[in-house]
Amino acid sequence: MKNTLYFLQTIFLIAVISFTSQAHEQTATATYVGNEGVMISNGSSKIIFDPFFHNNYNTYQLVPEEIRNAIFNNKAPYDNIDAIFISHAHGDHFAADDMLKYLKANPQSKLVAPNQAVKRLAALENSASVMKQVTSIDLSFGDQPTTITIDDLLIEAVRIPHAGWPGRADISNLVFRVTLNDSVTIMHMGDADPNDTHFAPYKKHWQKTVTNTAFPPYWFFNSSDGPLILAERINAEESIGIHVPVKVPTTLKMTEEQYFSKPGEQKTITHKHK
Ligand SMILES: [Zn+2]
785 MKNTLYFLQT IFLIAVISFT SQAHEQTATA TYVGNEGVMI SNGSSKIIFD
835 PFFHNNYNTY QLVPEEIRNA IFNNKAPYDN IDAIFISHAH GDHFAADDML
885 KYLKANPQSK LVAPNQAVKR LAALENSASV MKQVTSIDLS FGDQPTTITI
935 DDLLIEAVRI PHAGWPGRAD ISNLVFRVTL NDSVTIMHMG DADPNDTHFA
985 PYKKHWQKTV TNTAFPPYWF FNSSDGPLIL AERINAEESI GIHVPVKVPT
1035 TLKMTEEQYF SKPGEQKTIT HKHK
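With my numbering applied, the sequence shown covers 785 to 1058.
The structure is reproduced here in structure tokens:
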């Protein structure tokens, strides 16, 4: 009788442990802050993309003052950010002055950004002290993807041309794939041009890792190659559109795709393939 009881207790404990560890490892939360600003947190690591910018071109969603203040003052849920990622150095994605202010106030946080953004940061007065927190990604058009690790983050970046190609060919737009603590993998695509000729040469890179959730600019959903790039090419289980105008286009609503448009909005990222 006593043995049976121990046996049952053990089974119960194993079940509880495996259930909680699964729930812990295989999900993350995406929190929207504005335009292409998205924070990803899995309970162990916290990263944020494109959080600081001043320009909305009278079309896009600025980060509300309340959220900006919370980020700068290290207030939950925007506290203890491990790394900030910048997709490209355009005014609706990056502001060097805010970046400097944030890195100074949060010396534990790291920045990963294209060299074009890092140069602007480095050009600011008194920026020398934060450069040790910065990783500059220097990729030319056509280069192989690059891989770096920061603590428990596996970071891969590839340069994919900015939308409007071949215009704006000089801007370094990075598509980041980040795996947090060997569990959830997300992809932020910046302002990528939705043409498969840019993505096809990196077939091996996309196939190497399943992305649980990709964050493409919303124009992927309505372009000719975009839906196929998301469904097949980049090896992503689901996509959530970003860079959505404040006045949400009817064409986007009609796609029935997922998208972020309200700051503070959250979605759960699940690790479906395990
Ligand atoms: Zn943009």
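For each residue, glycine too, the CB sits at the ideal point set by N, CA and C.
Compare the beta carbon distance of residue i and residue j with 7 Å and say whether it is the shorter of the two.
{"i": "phenylalanine 837", "j": "phenylalanine 878", "result": "yes"}
{"i": "threonine 997", "j": "isoleucine 1053", "result": "yes"}
{"i": "isoleucine 939", "j": "leucine 895", "result": "no"}
{"i": "leucine 905", "j": "serine 913", "result": "no"}
{"i": "proline 848", "j": "proline 1047", "result": "yes"}
{"i": "aspartate 975", "j": "proline 1001", "result": "yes"}
{"i": "valine 822", "j": "phenylalanine 1005", "result": "no"}
{"i": "asparagine 819", "j": "tyrosine 844", "result": "yes"}
{"i": "valine 1028", "j": "tyrosine 1043", "result": "yes"}
{"i": "phenylalanine 960", "j": "alanine 947", "result": "no"}
{"i": "histidine 972", "j": "phenylalanine 833", "result": "yes"}
Out of curiosity, what's the CA-to-CA distance linking residue i and residue j?
{"i": "serine 829", "j": "lysine 888", "result": "20 Å"}
{"i": "histidine 1055", "j": "alanine 1020", "result": "11 Å"}
{"i": "aspartate 935", "j": "aspartate 966", "result": "11 Å"}
{"i": "histidine 808", "j": "serine 825", "result": "The pLDDT assigned to histidine 808 is 45, lower than 50, so where the model puts this residue is not dependable, and the model offers no usable value."}
{"i": "threonine 995", "j": "valine 968", "result": "8 Å"}
{"i": "isoleucine 865", "j": "isoleucine 1024", "result": "22 Å"}
{"i": "asparagine 857", "j": "glutamine 793", "result": "46 Å"}
{"i": "glutamate 1041", "j": "proline 985", "result": "26 Å"}
{"i": "alanine 860", "j": "asparagine 957", "result": "30 Å"}
{"i": "lysine 916", "j": "aspartate 863", "result": "21 Å"}
{"i": "alanine 854", "j": "valine 817", "result": "11 Å"}
{"i": "lysine 1058", "j": "isoleucine 970", "result": "For lysine 1058, the pLDDT reaches just 48, beneath the cut-off of 50, and the residue's location in the model is therefore unreliable, leaving the point undetermined."}
{"i": "isoleucine 831", "j": "histidine 874", "result": "20 Å"}
{"i": "serine 1008", "j": "leucine 1014", "result": "12 Å"}
{"i": "lysine 987", "j": "isoleucine 1018", "result": "8 Å"}
{"i": "glutamate 1049", "j": "aspartate 954", "result": "33 Å"}
{"i": "threonine 930", "j": "glutamine 991", "result": "15 Å"}
{"i": "threonine 919", "j": "serine 893", "result": "11 Å"}
{"i": "isoleucine 870", "j": "glutamate 909", "result": "20 Å"}
{"i": "leucine 923", "j": "threonine 811", "result": "31 Å"}
{"i": "leucine 937", "j": "glycine 827", "result": "13 Å"}
{"i": "tyrosine 886", "j": "threonine 813", "result": "22 Å"}
{"i": "aspartate 927", "j": "histidine 989", "result": "12 Å"}
{"i": "lysine 1051", "j": "serine 1045", "result": "12 Å"}
{"i": "leucine 1036", "j": "glycine 1010", "result": "13 Å"}
{"i": "histidine 872", "j": "leucine 846", "result": "17 Å"}
{"i": "leucine 1012", "j": "tryptophan 949", "result": "18 Å"}
{"i": "tryptophan 1003", "j": "leucine 884", "result": "31 Å"}
{"i": "lysine 903", "j": "aspartate 980", "result": "30 Å"}
For residue i, count the other beta carbons within 10 Å of its own beta carbon; 16 or more makes it buried, fewer makes it exposed. Which is it?
{"i": "proline 978", "result": "buried"}
{"i": "glycine 1079", "result": "The structure shown does not extend to residue 1079, since the chain is modelled only from 785 to 1058, so the question has no answer here."}
{"i": "isoleucine 932", "result": "exposed"}
{"i": "proline 898", "result": "buried"}
{"i": "glutamate 1016", "result": "exposed"}
{"i": "asparagine 890", "result": "buried"}
{"i": "glutamine 900", "result": "buried"}
{"i": "threonine 1034", "result": "exposed"}
{"i": "aspartate 876", "result": "buried"}
{"i": "threonine 815", "result": "buried"}
{"i": "methionine 1038", "result": "exposed"}
{"i": "alanine 907", "result": "exposed"}
{"i": "isoleucine 921", "result": "buried"}
Classify residue i as helix, strand or coil using the three-state DSSP reduction.
{"i": "isoleucine 870", "result": "coil"}
{"i": "phenylalanine 960", "result": "strand"}
{"i": "alanine 860", "result": "coil"}
{"i": "glutamate 940", "result": "strand"}
{"i": "glutamate 1022", "result": "strand"}
{"i": "asparagine 996", "result": "strand"}
{"i": "alanine 906", "result": "helix"}
{"i": "lysine 1031", "result": "coil"}
{"i": "valine 847", "result": "coil"}
{"i": "methionine 973", "result": "coil"}
{"i": "glutamine 1050", "result": "strand"}
{"i": "tyrosine 986", "result": "helix"}
{"i": "tyrosine 886", "result": "helix"}
Within the 7 Å Cβ cut-off, does residue i reach chain C?
{"i": "threonine 997", "result": "Going by chain labels, chain C is absent from the structure shown, which holds only one protein chain."}
Using a Cβ-based criterion (distance less than 6 Å to any ligand heavy atom), does residue i qualify as near ligand 2?
{"i": "glutamate 1041", "result": "Looking for ligand 2 in the displayed structure turns up nothing; the ligands present are ligand 1."}
Closer than 6 Å: residues whose CB approaches a heavy atom of ligand 1: His874, Asp876, His877, Asp975, His1027
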